[in-house]
Each structure stands twice: as structure tokens, then as C-alpha cells.
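K.L.:
Protein chains in written order, with this note's numbering: chain A, 146 to 355; chain B, 146 to 355; chain C, 146 to 355; chain D, 146 to 355.
There are 4 protein chains.
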Amino acid sequence: MSTIDDQAREPAVPKRDREATRARLLEAARLRFAREGYDATSVRDIARDSGVDATLIFRYFGSKKQLFDEASATDLPAGLLEGPQEELVARMVRTVVDHDWTKYGGEHPLVAMLRSSAHEDARRRIREEVCATYVNALRDLAEGEDAELRAELLSAWMVGIGILRSVVGTPALAEARAADLAPHVAAVATDLLGRPMSGTADREGGSSRT
Amino acid sequence: MSTIDDQAREPAVPKRDREATRARLLEAARLRFAREGYDATSVRDIARDSGVDATLIFRYFGSKKQLFDEASATDLPAGLLEGPQEELVARMVRTVVDHDWTKYGGEHPLVAMLRSSAHEDARRRIREEVCATYVNALRDLAEGEDAELRAELLSAWMVGIGILRSVVGTPALAEARAADLAPHVAAVATDLLGRPMSGTADREGGSSRT
Amino acid sequence: MSTIDDQAREPAVPKRDREATRARLLEAARLRFAREGYDATSVRDIARDSGVDATLIFRYFGSKKQLFDEASATDLPAGLLEGPQEELVARMVRTVVDHDWTKYGGEHPLVAMLRSSAHEDARRRIREEVCATYVNALRDLAEGEDAELRAELLSAWMVGIGILRSVVGTPALAEARAADLAPHVAAVATDLLGRPMSGTADREGGSSRT
Amino acid sequence: MSTIDDQAREPAVPKRDREATRARLLEAARLRFAREGYDATSVRDIARDSGVDATLIFRYFGSKKQLFDEASATDLPAGLLEGPQEELVARMVRTVVDHDWTKYGGEHPLVAMLRSSAHEDARRRIREEVCATYVNALRDLAEGEDAELRAELLSAWMVGIGILRSVVGTPALAEARAADLAPHVAAVATDLLGRPMSGTADREGGSSRT
DNA sequence: GATGAATGAGCGTTCATTCAT
DNA sequence: CATGAATGAACGCTCATTCAT
């Protein structure tokens with residue numbers, strides 16, 4: 146009812162444009178799923194957010210589940226795994242802390258996806274994501290015998306920081322920038338990985354491609 | 146709270162039944178909410194698990210949400226905050242890794258509650274829990290100026306470890322015992338808190354057996 | 146909207162009576178399924194007809210399909226298979242022509258069920274019904290070698306008569322009573338079964354038990 | 146009807162396309178409607194079967210119902226009503242039993258249409274068909290007073306045989322060929338019609354190859 | 001004229017919750 | 001007071017059909 150005369154000021158929303166409609170649905174889905182989780186999000190919610198008929202979800206994505214899958218496919222920040230090795234951890238912190246995740250409601254997508262972790266499928270996605278983004282890269286860096294464990298411990302820290310920042314909202318972490326965390330993280334990482342890690346990274350190394 | 150002094154005038158049996166039924170509902174709710182999350186759990190599920198009629202949930206707790214609130218009130222492991230200060234972090238790790246959380250489906254209740262973190266209520270619970278259990282105690286220990294931040298960073302690690310262990314299930318952490326983690330944790334904690342922390346704790350310090 | 150003030154003249158419809166509600170649903174389902182077929186009947190139709198909430202269908206029957214199964218379970222007219230053998234065919238004709246099938250919308254339930262014969266389940270039901278009610282009994286009576294075929298031919302006639310009467314509505318059959326058909330049927334049956342069959346049956350031999 | 150004289154001005158190719166598409170839709174519709182019934186068949190099913198866009202159905206036929214009407218117009222087997230009168234019933238049996246009805250999913254179209262008999266339109270079609278194909282021809286043959294009734298009874302038998310053969314699938318009839326049924330049918334027909342009927346027919350008299 | 005994006009009603013079903021007995 | 005019948009909103013999804021391009 147409040148949208149009756151919106152058509153005038155809506156700038157350039159093309160109607161009957163398959164790609165545009167698909168994109169709007171995907172965008173709305175990403176946000177809803179991130180904020181409310183899979184179960185609390187209805188396809189009608191997403192459709193309403195997109196200003197699009199709900200049946201198009203099924204036309205374009207097949208099912209709510211498939212939409213979820215597509216919506217929660219994170220494109221890991223380009224450049225994370227490139228650049229100087231000793232700055233890898235600093236880049237990871239940036240990814241967690243400074244990166245612009247507004248597309249996912251302002252939270253790291255991994256954290257957002259935990260909200261849907263009642264579903265084994267979502268859990269698997271999280272697992273793959275954590276391994277691909279953090280554990281594997283860190284394991285390659287770690288020296289000594291229990292490299293896997295230490296890589297996971299460091300990964301756990303990244304995830305934990307994301308959670309305290311956005312879900313829990315503890316005061317210091319919620320406000321902190323990557324630069325505030327860098328010295329601490331570098332010290333710990335150096336310790337855990339058994340090789341010197343830098344607290345700063347020259348460039349972002351984590352600008353989402355989308 | 147209104148049932149606190151009821152035990153005096155009970156006619157022996159029917160009263161205990163009421164209490165027993167309430168307790169069974171709570172127990173079933175705790176498990177379901179932890180495992181499946183708030184949305185994926187139906188009041189009928191809980192009632193069925195408890196072997197009682199679903200309407201009793203409304204009679205006893207008012208609504209599904211209130212049942213959730215009551216069911217997700219974690220009794221933080223007794224003894225966590227007692228004992229030698231230098232062993233505090235080691236005790237925390239034990240709480241996360243070795244403690245028997247079968248009451249909550251085998252996961253640390255904080256981790257389980259993340260599954261329901263779409264709801265502001267659950268988020269508040271998590272916030273309170275994290276602060277009460279981890280941040281506050283660690284902040285008191287930390288030396289130097291940004292004590293809060295460092296306490297939160299360490300808390301984030303505890304939470305992150307819990308997540309990777311049970312939700313994500315990364316291979317090394319999923320199998321690890323507190324003893325495997327102790328040396329790494331002690332080193333990092335010593336570093337972050339600016340005071341020597343021990344990697345072992347004499348006793349559990351958090352049995353809270355239910 | 147036209148039912149707003151019906152509550153006054155509804156004579157004795159007991160509310161909150163499980164059996165009564167179940168019975169009303171079943172009755173409405175029987176009629177709808179018979180008249181419109183499975184696919185064209187919605188659970189809301191049935192609920193509306195019964196003056197009952199649609200969700201009770203699932204409470205009491207589990208699913209639309211199970212309701213259909215129960216609603217289409219014909220109790221074959223008591224007495225059909227009893228009584229003098231030479232009057233069996235006459236009794237069958239009565240079942241098809243004179244029996245009061247208003248419960249099924251005025252048609253023989255077999256004929257009504259043909260409307261749902263797109264579903265293999267319904268087809269199986271029809272098959273069982275036809276064999277149990279007609280073919281088996283007639284085969285036992287037939288003399289000579291291709292008894293099965295002749296029994297089926299006679300059964301086909303019964304079914305065909307039912308269809309022309311109610312679905313097609315050909316003028317003579319639609320008006321005919323069993324007595325009008327009896328001489329013709331008796332002659333043919335005598336011929337097909339190879340033993341004398343009577344054109345009259347003393348008693349109805351087909352009063353549905355329900 | 147508006148396309149009757151279009152063939153004169155066609156530009157050779159595109160017109161034939163339109164006709165060809167229309168024909169394919171009709172063919173697919175015939176099959177689907179016969180096999181699954183009106184309600185269980187969706188316009189998308191038919192379009193998919195034909196390999197064309199679903200909206201063409203509305204373009205060419207107006208609505209699903211109109212497509213159904215057109216698709217269920219049976220062309221009664223040519224030659225049924227021609228040929229020696231005493232072989233008429235034998236020809237009818239052939240039509241029911243031996244004729245190639247693959248166009249209608251292998252069943253006599255009358256039988257197939259019963260699946261849609263919830264709709265008055267379909268019922269009317271069946272009525273017309275039964276009268277035109279069976280009752281009228283047989284009435285003309287019958288001697289004596291209640292010729293109509295006897296003609297209908299014999300028609301009922303034809304229809305019933307079709308039903309038991311394909312819908313119900315009773316064992317003997319499902320396998321039988323016209324030749325197996327001929328002697329029985331001839332005897333009964335002779336009896337019912339009051340004039341000698343032959344059990345064999347020289348030629349099919351109803352090919353209607355499409 | 002043909003394509004396919006869009007629509008809105010309706011499907012079977014489950015939900016949390018209320019109310020009568 | 002407890003049981004369970006009842007309720008109505010909402011769910012994911014499919015339908016026949018229309019309309020813009």
C-alpha cells in the first residue's frame with residue numbers, strides 16, 4: 146500500500162528482464178538468509194523484498210533450497226591467497242574485519258551461514274568454505290609436525306573473531322579495525338605457525354569481486 | 146519463580162508429576178533447540194520427545210519462545226572462575242573441549258545457540274553468556290591498556306575452537322582433547338594477556354553434571 | 146457468507162466430537178471424490194462441505210491420499226454372495242441398478258472411482274473390487290473351459306450397465322429398474338455361464354451395511 | 146473453423162509450421178488427456194511433450210478446456226457402420242479389442258475419456274460418442290418393442306469390455322483378442338437383438354489410421 | 001507473430017496456539 | 001486441571017493464463 150506511487154521515483158528497475166529479476170532475487174535472498182537463517186526466511190519474504198512475484202523463484206532457481214545454495218556461494222575475496230606469505234594472516238584479518246560484507250547483511254558470510262547450520266547441507270558448505278579459505282592456506286605455511294592442528298587453531302580464531310564482532314557484538318571487537326588487531330594477531334600467528342608473520346598487509350587483498 | 150516455595154504444600158504425588166513433566170519438556174527442548182535450532186524445532190517435536198501433550202508447553206511456559214528462553218539458560222560450569230588464575234585459560238579450553246555437553250546435544254551451548262542466532266533473544270543470550278563466561282574473567286586478568294580487546298580476542302578463540310570442533314568439524318580439532326591444545330593455548334594466552342598462563346589445570350573445574 | 150446465520154437451524158451437529166467430525170469429513174470426501182474425481186477435489190472443498198477446518202483432514206487421516214483410500218473403500222453390499230446361486234446375477238443387477246448409492250453421489254462406487262483412474266492406486270482398488278464383487282463369484286458358477294473369460298465378460302456387462310446408466314445417461318438404461326433388465330440378463334447369463342440363471346431375486350440381497 | 150480455407154493463401158512454409166505445431170500439440174494432448182485425465186494433465190506437460198512453448202496452446206486453442214474438447218474429438222473408425230448388418234456387433238468388438246488406439250494411449254477413447262468424466266463437457270462427449278457409435282446403430286437392428294433398451298444393454302457390454310480390458314485389467318479380457326470373444330458375443334447379440342448375428346467380420350471395417 | 005517474463009489463485013501440508021469439555 | 005479438538009495463518013510449490021517486448 147505504501148508502494149503504490151513508488152513507480153515514479155524507482156530509477157531504473159527494468160521490468161521483464163530475466164537477468165535483472167534473477168539478480169534482485171538473489172540479492173534479497175542473500176540478505177535474508179544471512180540475517181534470519183534458512184528456516185526463518187520464506188520465499189515470500191524474499192519475493193517481497195525483491196518486489197517480484199514469488200513464483201519466479203521457482204522458475205529461476207527451482208526451489209528454495211537451490212536458491213539458498215546459490216545465494217550462499219561465497220566468492221572468496223580475490224587476492225586473499227595471493228601476495229606475500231608473511232602477510233597472509235594479516236590479509237585474513239582484514240577479510241574478517243574490514244571487508245565490506247553488506248551484501249550478506251554486514252556479517253562475514255561464514256558467520257551468517259552458521260544461522261542455518263541446523264541443515265547438514267549448510268554445514269557442509271561452511272566446512273568447505275573454512276577449509277578452502279583458511280585451514281588449507283595456513284597449513285601450507287605451518288612448520289613442524291602438528292601443522293594441521295595449528296592451522297585449524299588459527300582458523301578458529303578468525304571465525305571466532307567474526308562471531309564476536311557481529312553476532313555477539315562485544316564492545317571492543319565490534320569497533321575494532323584490522324589495524325587494531327594486527328599486532329596481536331601477528332604475534333600469535335608467528336608463535337603458532339613457527340615462522341615470522343607480518344602484522345600489516347600492503348593492499349587490501351580481499352575486495353570481493355561481486 | 147512462582148514455584149519456588151510450592152514444595153511445602155504439595156500433596157506428595159501430583160505436584161511432583163507436574164514438576165517432572167516440566168523438567169522433561171525442558172530437557173527435550175534443550176536438546177532439540179541445540180541440535181536443530183529454534184525454527185526447525187516444533188513444539189510438537191518437543192512434546193513427542195517428552196511423551197506429553199503439546200498444549201502443556203503453553204500451560205507451563207506460555208509460548209514456544211518462552212520455553213526457548215528457559216531452555217537455553219546455561220548453567221555455566223561450576224568452578225570455571227574458581228581456582229588458580231594462571232590456569233583459567235586451561236580450564237576454559239576444557240570447558241569447550243572436554244566437558245560433557247550431552248545435555249545440549251554434545252555441543253557447547255554457545256555453539257548450539259548460534260543456530261538460533263537469527264532471533265535477537267538468542268543473540269542476547271549468547272552475548273550475556275560470552276561476557277559472563279569468558280570476556281569478563283579474562284579482562285580482569287589482562288595487564289596493560291587494551292585489556293578489553295585482548296580479553297575479547299582470547300574469548301573469540303575459545304568460541305572459534307568450539308565452532309570448528311562441532312559445527313564445522315575440521316579434522317584435527319574435532320578429534321583433539323584439551324591436553325592436545327593446552328601447550329598452544331598457554332603460549333598464546335601468555336602472550337596476549339601479558340602474564341604467564343599454565344597449560345594444565347589440576348581438576349576439571351567445571352563439572353556441572355546434569 | 147451465506148452460512149453466517151446457519152448455526153441457528155443446524156439441528157444437532159455436535160462440536161468437538163472426534164468421531165462425528167471424522168464421519169462428516171469422510172462423508173463429504175466420498176461424495177466429492179465420487180463426483181469430481183481425486184484430482185479435481187481439493188481438501189479445502191471437502192472441509193468446506195463438512196463445515197470443518199481443513200487441517201483436521203490431516204489430523205484424522207494423515208493426507209489427502211489416505212482420506213481418499215478410506216473414502217473409497219466400498220463395503221460390498223451384504224448378501225450379494227449369499228442366497229440361491231441361480232439368482233446371483235439378478236442380485237448383481239440389483240446392486241448396480243436399484244441399490245441406493247446416494248452416499249457416492251448416486252453412482253455405483255466402481256463407476257465413480259473410474260473418475261480417479263489416472264492414479265494407479267485407484268486402478269488397483271477398482272481391480273480388486275471388480276474381482277471380489279463380480280468376477281470371482283461368477284467364475285465359480287461358470288461351467289466348461291474358458292470360465293474365467295466368460296465370468297469376466299459377464300462382469301464387464303455389469304460395469305458397462307452402471308456406466309451407461311450414470312455417466313453416459315442413455316435414456317432407457319437411466320430409467321430402467323432391475324426388473325426391466327432381469328429377463329434379458331437372465332437369458333444372457335444362462336447362455337454365458339452354461340447353467341440356468343433366474344431373472345428374479347426374492348430379496349434385495351444388496352442393502353449396503355452402512 | 147476459421148482456418149478452413151487458409152490453405153489457399155499460405156506462403157508455403159511458415160503456415161505449414163503453424164499447422165504442424167498445432168497438430169503436434171493436439172497429438173500430445175490426446176495422449177496425455179487419455180492417459181492421465183484432464184486434471185492430472187498440465188498445459189506445460191503437453192507443451193513439453195510437443196517441444197513447443199506453452200503459451201502457444203492459448204494462442205492456438207484459447208484455453209486448456211478448448212484444447213481438451215478438440216483433442217477428445219474421436220474420429221469413429223471408418224467402416225464400422227458399413228458392411229453386412231449381421232457382422233455389425235463383430236465389428237464393434239474389433240473396434241474395442243483389436244483396433245490400434247495407440248493415438249489414445251492404447252485404450253479405446255471412450256474408456257480413456259471416462260478418466261475425465263468429472264467434467265460435464267467430457268461426459269457430454271462420451272454420451273454423444275456412445276450413442277453415435279453404438280446405441281443408434283444397434284437400435285436400428287433390434288426387432289421388437291424395447292429395442293432401445295436392448296440396444297443400450299448391448300452397448301453397455303461393449304463399453305464394459307473396454308473398461309475391464311484396459312482400466313481394470315482383468316486377466317482373461319486383457320489378453321483376449323476379438324476372435325476369442327466372437328462366439329460368445331455373437332450368441333448374446335443374437336439373443337438380445339432377436340436376429341442372427343455373425344461372430345466374424347471379413348475385414349476390420351475400422352482402421353482410421355492417423 | 002512468437003517468445004518468455006510475469007501473475008495471482010490455489011494446491012497439500014504444517015505451524016503455533018486457543019478453547020471447550 | 002488436563003486432554004485433545006479446533007483454528008487460521010503461513011509454508012513451499014504448481015497451476016492456467018496474460019502481457020510486454
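Note that CB positions come from ideal geometry on N, CA and C, so glycine has one too.
Since the structure is predicted, the reported quantities are computational estimates derived from the model, not experimental observations.
#1: Express the C-alpha separation of E320 of chain A and P328 of chain A in angstroms, rounding to a whole number.
#2: Per DSSP, what kind of secondary structure is A323 of chain B in: helix, strand or coil?
#3: Taking Cβ positions only, does L176 of chain D come closer than 8 Å to chain C?
#4: Can you tell which of B:D266, B:R175 and B:T200 has its C-alpha closest to the C-alpha of P254 of chain B?
#5: With a threshold of 8 Å between beta carbons, is E181 of chain D in contact with chain C?
#6: For I308 of chain B, go through chain A and note every residue whose CB falls closer than 8 Å to its CB, in chain order.
#7: Please determine, among A:T200, A:E252, A:L225 and A:D336, the residue with the shortest C-alpha to C-alpha distance to G307 of chain A.
#8: Check whether the Cβ of L337 of chain D lies closer than 8 Å to any Cβ atom in chain C.
#9: If you run the structure through DSSP and keep just helix, strand and coil, what is S343 of chain C?
#10: Under 7 Å Cβ-Cβ, which residues of chain A neighbour A321 of chain B?
#11: If you draw a straight line from the alpha carbon of L286 of chain D to that of L233 of chain D, how long is it in whole angstroms?
#12: Check the Cβ of G314 of chain A against every Cβ in chain B and list those closer than 9 Å, keeping chain order.
#13: So, is the C-beta of A327 of chain B closer than 8 Å to a C-beta in chain A?
#14: Establish whether the CB of L318 of chain D and some CB of chain C are separated by less than 8 Å.
#15: Do you know whose CA, among A:A332, A:R295 and A:A218, lies nearest L298 of chain B's CA?
#16: Can you name the start and end residues of the alpha helix (DSSP H) that Q230 of chain C belongs to?
#17: For E135 of chain A, report the span of its alpha helix (DSSP H) as first-last.
#18: Whose CA, out of C:F203, C:A216 and C:L226, lies closest to the CA of K248 of chain C?
#19: Compare the C-beta of E227 of chain C with all C-beta atoms of chain D and state if any pair is closer than 8 Å.
#20: Between C:R340, C:R236 and C:A296, which has its C-alpha nearest V280 of chain C's C-alpha?
#21: On a Cα-Cα basis, can you pick out the residue from B:V238, B:T166, B:L221 and B:M342 that is closest to L318 of chain B?
#22: Output yes if chain B places a C-beta closer than 8 Å to the C-beta of S262 of chain A; else output no.
#23: What number of angstroms, rounded off, separates the C-alpha of I202 of chain C from the C-alpha of A165 of chain C?
#24: Taking C-beta pairs closer than 9 Å, name the residues in chain D that L171 of chain C reaches, listed in chain order.
#25: For the segment 162-244 of chain D, which segments carrying the beta strand (DSSP E) assignment without a break, of at least 3 residues, lie completely within its bounds, in sequence order?
#26: Can you round the beta-carbon distance between A263 of chain B and E181 of chain A to whole angstroms, since I take them to be within the 8 Å contact cut?
#27: Ignore the nearest five residues each way along the sequence and tell me which others in V358 of chain A's own chain have a CB closer than 6 Å to its CB.
#28: With respect to the alpha helix (DSSP H) encompassing E293 of chain D, which residues constitute its N-terminal and C-terminal limits?
#29: Who are the neighbours of V280 of chain D on chain C, taking C-beta pairs under 8 Å?
#30: Assign R260 of chain B to one of two classes, buried (16 or more other C-beta atoms within 10 Å of its C-beta) or exposed (fewer than that).
#31: Go ahead and pull the three-state DSSP assignment for A356 of chain D.
#32: For a contact defined as C-beta to C-beta under 8 Å, what are the partners of E290 of chain B on chain A?
#33: Going along chain C in order, which residues have a C-beta closer than 8 Å to the C-beta of V275 of chain D?
#34: Determine, for D220 of chain B, whether the minimum Cβ-Cβ distance to residues of chain A falls below 8 Å.
#35: I'd like to know whether the C-beta atoms of L294 of chain A and D194 of chain B end up nearer to each other than 8 Å.
#36: Under the rule that 16 or more other beta-carbon atoms within 10 Å means buried, what is V158 of chain B, buried or exposed?
P.N.:
Taking the geometry as given:
#1: 16 Å
#2: helix
#3: no
#4: B:R175
#5: yes
#6: L259, A301, V304, G305 and I308
#7: A:E252
#8: yes
#9: coil
#10: L294
#11: 9 Å
#12: R268 and R272
#13: no
#14: yes
#15: A:A332
#16: Q230 of chain C -> no alpha helix (DSSP H), and no H or E assigned at all.
#17: Nothing can be reported for residue 135 of chain A: it is not among the residues displayed for chain A, which extend from 146 to 355.
#18: C:A216
#19: no
#20: C:A296
#21: B:V238
#22: yes
#23: 13 Å
#24: Within chain D, no residue comes near L171 of chain C; the closest Cβ sits about 20 Å away, beyond 9 Å.
#25: none
#26: 4 Å
#27: The question about residue 358 of chain A has no answer, for chain A in this structure spans 146 to 355.
#28: A292 to G307
#29: T315
#30: buried
#31: Residue 356 of chain D lies beyond the range of chain D shown here (146 to 355); nothing can be said about it.
#32: Near E290 of chain B there are no residues of chain A at all, since even the closest Cβ is about 11 Å away, more than 8 Å.
#33: L309, V313 and T315
#34: no
#35: no
#36: Note on V158 of chain B: pLDDT 43, under 50, position unreliable in the model; the coordinate value appears next. Exposed: under 16 other Cβ atoms inside 10 Å.
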